[in-house]
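A.B. asks: Start counting the sequence shown at 3; every next residue gets the next number (my numbering).
Idealized CB from N, CA, C, for every residue including glycine.
Since this is a predicted model, take the numbers as computed values, not measurements.
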Amino acid sequence: MAKPKQANQPMTNIMKYRLNRVVALCLAVLLLYVGVRLFDASVVQADFYQEFAAKQQMSTQVINANRGSIYSTNMSILAQSATVWTVVLAPSIVKNDKVYVEIDSIPEGQKDTLAASLAGILESDQAKIRKRLDKDQRFVLIKSSLTDAQVKKIQDFSKQNSCVMLAKEAVAKGLSDILELDYDKVLEQAYRDNQYEVIKKKVEKTVADEVRKMISENGFTFISLIEDTKRYYPNNELASNVLGFTGTDNQGLYGIELEYDSILQGTNGKIVSATDGLGNTIPTSFEQKYDAVDGNSVVLTIDENIQRFAEKQVDEIVKLHDPSGGALAIVMDVDTGAILAMANSNNYDPNNPSTIFSDQLKETLAQAESENKSEDEISKVKSQLRSEQWSNKAIGWLYEPGSTFKVVTASAALETGAATLDSTYNCTGVLNVAGTNIHCNKRTGHGHLDFKGAIVNSCNPAFMTMGAKMGAHNFFDFFQKFGLTEGTGIDLPGEAQKSIYYTEDKLGPVELASASFGQTSAITPIQLITAVSSAVNGGYLMQPYLLKEVLDQDGNVLETTSPTVKRQVISEETSAKMRDCLEAMVENNKVAYVKGYRIGGKSGTSQKANQSKEHVSSFVGFAPADDPKIAVLVVADNPTVGSYYGSAVCGPAMSSIIKDTLSYMGISPQYSDEDLENMEESVPNLIGQTVTDAKNTLAKKSLNIKKIGDGDKVVDQMPRSGSIADGGTVIVYTETDSVAQKATVPNVIGLTPSEANQKLINAGLNVSLEGGSTTGSNVKVISQSVEEGKEVPVGTIVSIQYAVEVVD
3 MAKPKQANQP MTNIMKYRLN RVVALCLAVL LLYVGVRLFD ASVVQADFYQ
53 EFAAKQQMST QVINANRGSI YSTNMSILAQ SATVWTVVLA PSIVKNDKVY
103 VEIDSIPEGQ KDTLAASLAG ILESDQAKIR KRLDKDQRFV LIKSSLTDAQ
153 VKKIQDFSKQ NSCVMLAKEA VAKGLSDILE LDYDKVLEQA YRDNQYEVIK
203 KKVEKTVADE VRKMISENGF TFISLIEDTK RYYPNNELAS NVLGFTGTDN
253 QGLYGIELEY DSILQGTNGK IVSATDGLGN TIPTSFEQKY DAVDGNSVVL
303 TIDENIQRFA EKQVDEIVKL HDPSGGALAI VMDVDTGAIL AMANSNNYDP
353 NNPSTIFSDQ LKETLAQAES ENKSEDEISK VKSQLRSEQW SNKAIGWLYE
403 PGSTFKVVTA SAALETGAAT LDSTYNCTGV LNVAGTNIHC NKRTGHGHLD
453 FKGAIVNSCN PAFMTMGAKM GAHNFFDFFQ KFGLTEGTGI DLPGEAQKSI
503 YYTEDKLGPV ELASASFGQT SAITPIQLIT AVSSAVNGGY LMQPYLLKEV
553 LDQDGNVLET TSPTVKRQVI SEETSAKMRD CLEAMVENNK VAYVKGYRIG
603 GKSGTSQKAN QSKEHVSSFV GFAPADDPKI AVLVVADNPT VGSYYGSAVC
653 GPAMSSIIKD TLSYMGISPQ YSDEDLENME ESVPNLIGQT VTDAKNTLAK
703 KSLNIKKIGD GDKVVDQMPR SGSIADGGTV IVYTETDSVA QKATVPNVIG
753 LTPSEANQKL INAGLNVSLE GGSTTGSNVK VISQSVEEGK EVPVGTIVSI
803 QYAVEVVD
């Protein structure tokens with residue numbers, strides 16, 4: 003009989019050997035894997051893991067550097083940084099086992115009832131709770147270390163008693179009220195299990211102090227304030243398109259803030275300290291501090307007073323002529339290229355740059371909102387309007403300069419010999435160029451003109467003749483020399499770097515003719531005023547600039563900008579001739595004329611390409627004409643009210659800026675005999691004089707008197723001060739209870755100055771004239787200081803502004 007097999011036979015040596023090999027192999031693979039991982043961690047990725055470990059063991063707090071200030075040329079602050087704070091909450095350590103009461107939210111007369119209710123829920127002493135409710139602070143801690151059951155009861159109780167809240171609710175309520183934030187959003191942050199939640203940035207001192215008070219009163223150590231900086235622009239919208247603004251991280255985004263960001267920004271510092279596994283700072287001696295290095299400051303060439311003169315006149319153009327594309331003005335030092343003022347009507351407040359600021363852009367937004375557009379469409383409109391108000395039209399907008407460009411053509415013609423002061427032209431009103439009739443601005447023609455007469459009358463055929471005699475090569479050569487084919491290099495972001503023009507090989511006879519009087523080419527306002535400045539400063543093309551100096555934190559000068567001469571475009575002799583001719587343009591036409599000051603200039607009116615009803619009006623001038631100190635360019639993009647000619651729209655603004663600026667610079671007016679004959683008389687103070695003496699005083703000033711009352715002495719008068727035209731009347735009152743007589747102001751806009759003067763006198767009013775010469779049928783009143791129909795005391799001064807309309 004066979005022997006039965008055993009159920010468990012001993013393992014053979016071969017099997018043991020095989021098992022040992024498998025185990026050894028597995029161990030070898032495991033050791034190899036561990037070795038590779040150790041090598042990777044300790045060698046290949048050593049830097050990564052060191053940094054990772056450091057982040058777990060160390061905390062870094064950034065110390066923000068103060069951004070440097072921006073000053074005007076007079077050292078007035080245009081932009082500066084101030085200390086603000088970021089409010090931070092550590093939700094993970096806010097224990098919600100505490101109950102608080104907001105004292106001010108307790109209903110009137112309910113403190114006893116509330117104390118009793120809380121005592122019952124919390125099993126606490128009612129008297130102690132009631133005593134706490136009389137504390138003079140916002141929140142009062144009633145009890146800590148609540149049980150889960152008590153927490154649930156408080157949650158239910160607070161639904162009907164909003165003054166009672168748990169810790170997280172109290173924190174959210176206090177912060178949302180102080181920081182003017184949405185309560186639900188802050189509460190959501192308070193319930194997150196994070197160590198770090200930013201509640202609000204850029205908190206100013208008065209508000210930060212309220213947060214500190216809440217922290218101090220309630221022991222809210224989980225709330226902290228981290229020091230930061232915020233940018234302030236004390237003059238609000240003044241020069242905003244030049245200054246630009248910064249982002250929430252204090253980085254420059256537009257304008258000077260962006261252009262000189264690396265100078266202004268500085269270098270942030272930091273505090274490095276040890277932390278435990280929960281991220282809490284360990285109170286050890288280890289702490290490394292790296293101080294912040296504040297940014298340097300910049301001083302601009304902008305003069306805040308001249309900037310205000312320019313902005314005032316730009317606003318006046320918008321008010322009177324409502325240009326759909328806005329208006330702008332530039333004031334430049336002709337000898338250095340320094341920008342003294344740069345104004346845009348579509349400006350903004352850099353303290354709140356996202357807010358649509360100008361009335362024109364607000365109207366555009368209101369129109370879009372009234373059309374029931376979707377939120378996305380409205381958002382796109384707002385984005386477009388913000389881009390428009392942030393842009394600087396003075397450097398980034400390409401436009402056809404019209405007749406102001408004739409300064410360039412005339413200068414080049416004299417310099418090349420294509421024209422002399424003795425050159426003559428016969429204007430019949432049209433010139434046939436290669437089979438194309440091109441008309442003069444005066445369709446009936448100017449007749450025979452010399453070179454100066456061509457400029458004074460802005461005669462298109464004369465300038466087409468100059469262009470033809472120069473030829474395409476010389477014309478384009480000077481177009482380039484005057485800097486019109488490239489950006490000026492002004493130290494501002496956003497300058498258009500490419501003009502629109504015909505290159506030499508594309509300048510056929512017709513193209514050359516049109517280009518010669520300022521059509522077909524498109525350049526920027528900054529290019530135009532730079533070119534004109536070179537035509538009158540002796541022929542030197544300057545690089546325009548805004549940075550005057552760089553200062554360190556102690557006010558020491560680190561860097562000064564020296565004026566840069568790019569090249570001499572025309573000779574001193576040619577430049578002197580151009581000054582004389584351009585002064586004659588202002589003098590002969592009495593356009594942009596200012597009593598006592600010699601001004602040269604040229605108006606311009608161009609029709610927009612493919613827009614037959616839209617025009618660009620402009621006027622460029624300089625003064626004093628015999629020794630220029632400043633050049634001023636004023637441009638209006640498509641005036642929609644009144645005249646659209648540059649002389650009428652921009653001439654008064656240009657002359658006002660020059661008058662105010664020269665007076666501010668201490669350049670005294672030198673009056674001609676004609677100026678003195680037409681000077682207005684200042685109204686003397688007559689109060690206290692006898693009527694007879696008052697009459698004699700006024701007679702010496704060629705002023706009339708009208709007495710109201712039966713007394714012998716003057717107790718009041720109208721006007722009390724100011725200047726009025728010769729022949730005006732001063733109303734004197736001789737009784738204190740005399741009732742002032744009233745006059746209704748008539749509408750005089752559109753009349754000649756003499757017609758307006760007579761109409762106002764007939765109404766019992768006095769007149770103050772603002773403008774140049776009052777003679778000529780093309781001189782019209784464009785504004786009056788008191789609106790039509792308003793009742794005012796008899797004798798009130800009504801200032802009227804008038805302008806000469808020259809077709810160019």
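1) Pull up the CB-CB distance for Y503 and L486, whole angstroms please, since I reckon it's below 8 Å.
2) For N539, which residues in the same chain have their Cβ closer than 8 Å to its Cβ, ignoring the five residues on either side in sequence?
3) To the nearest angstrom, how far is it from the Cα of L255 to the Cα of Y234?
4) Suppose only complete runs of 3+ residues qualify. What are the beta strand (DSSP E) ranges in the segment 658 to 741, listed by chain order?
5) Given this structure, state the Cα-to-Cα distance separating G644 from S389, to the nearest angstrom.
6) Would you kindly check if the distance between the Cβ of A412 and the Cβ of C652 is under 8 Å?
7) With N220 as the anchor, note down where its alpha helix (DSSP H) starts and where it stops.
8) Could you spell out where the alpha helix (DSSP H) holding E807 opens and where it closes?
9) By the 10 Å Cβ neighbour count, where 16 or more other Cβ atoms means buried, how is S287 classified, buried or exposed?
10) Within the same chain, show all residues whose beta-carbon is closer than 7 Å to that of A4, passing over the 5 residues directly before and after it, in chain order.
11) In terms of alpha-carbon separation, which member of G713, G668, V103 lies closest to K137?
12) Helix, strand or coil for P527, going by three-state DSSP, please let me know.
13) Give me the Cα-Cα distance between C461 and I304, rounded to the nearest whole angstrom.
14) Could you tell me if N558 is buried or exposed, where buried requires 16 or more neighbouring beta carbons within 10 angstroms of its beta carbon?
15) Can you tell me the Cα-Cα spacing of M216 and N353, whole angstroms?
16) Below 7 Å CB to CB, which residues in the same chain sit around P463 once its five sequence neighbours on both sides are set aside?
17) Going straight from the alpha carbon of Q8 to that of V24, what length do you get?
18) Determine, using beta carbons only, whether I341 and P671 come nearer to each other than 8 Å.
19) Is it a yes or a no for the segment 292 to 308 touching the segment 596 to 615, going by three-plus beta-carbon pairs under 8 Å?
20) Please state whether DSSP places P546 in a helix, a strand or coil.
21) List in chain order: all unbroken beta strand (DSSP E) runs of 3+ residues lying wholly within the segment 537 to 585.
22) Does the segment 386 to 401 come into contact with the segment 240 to 259, if we say contact requires no fewer than three beta-carbon pairs (one atom in each stretch) closer than 8 Å?
23) Inspect the CB distances between the segment 322 to 330 and the segment 217 to 232 and report whether three or more fall short of 8 Å.
24) Examine the Cβ distances between the segment 414 to 425 and the segment 471 to 483 and report whether three or more of them are shorter than 8 Å.
25) From what residue to what residue does the beta strand (DSSP E) around Q82 run?
26) DSSP state of H448, grouped into three classes?
27) Less than 8 Å separating the beta-carbons of E737 and G766?
28) Across which residues does DSSP place N22 in a beta bridge pair?
29) Measure the C-alpha to C-alpha separation of G797 and I601 and round it to an integer number of angstroms.
30) DSSP three-state label for N434, please.
31) To the nearest angstrom, how far is it from the Cα of E497 to the Cα of Y262?
32) Quick one: what's D335 bridged to in DSSP?
33) Is it the case that the Cβ atoms of D230 and T88 are separated by a distance below 8 Å?
34) Where does R722 land, buried or exposed, given buried means 16+ other C-beta within 10 angstroms?
35) Which one of A456, M344, I528, N476 has the shortest CA to CA distance from I397?
36) Given a threshold of 16 other Cβ atoms within 10 Å of its Cβ, counted over all protein chains shown, does E574 qualify as buried or as exposed?
C.D. replies: Short version:
1) 7 Å
2) V336, D337, S577, P630
3) 14 Å
4) 706 to 710, 718 to 720, 731 to 735
5) 29 Å
6) no
7) 207 to 220
8) E807 -> no alpha helix (DSSP H), and no H or E assigned at all.
9) Here S287 scores only 49 on pLDDT, less than 50, and its place in the model should not be relied on; the value that follows carries that caveat. Classification of S287: exposed, given that the 10 Å Cβ count is below 16.
10) Confidence is the limiting factor: at A4 the pLDDT is only 49, short of 50, which leaves the residue's position unreliable, though a coordinate-based value still follows. None.
11) V103
12) helix
13) 36 Å
14) exposed
15) 28 Å
16) Y427, C429, L433, C442
17) Low confidence applies to Q8: its pLDDT is 49, below 50, so where it sits in the model is not reliable enough to give any reading.
18) no
19) no
20) coil
21) 542 to 544, 549 to 553, 559 to 562, 567 to 570
22) yes
23) no
24) yes
25) 79 to 91
26) coil
27) no
28) In DSSP, N22 forms no bridge with anything.
29) 34 Å
30) strand
31) 15 Å
32) I632
33) yes
34) exposed
35) I528
36) exposed
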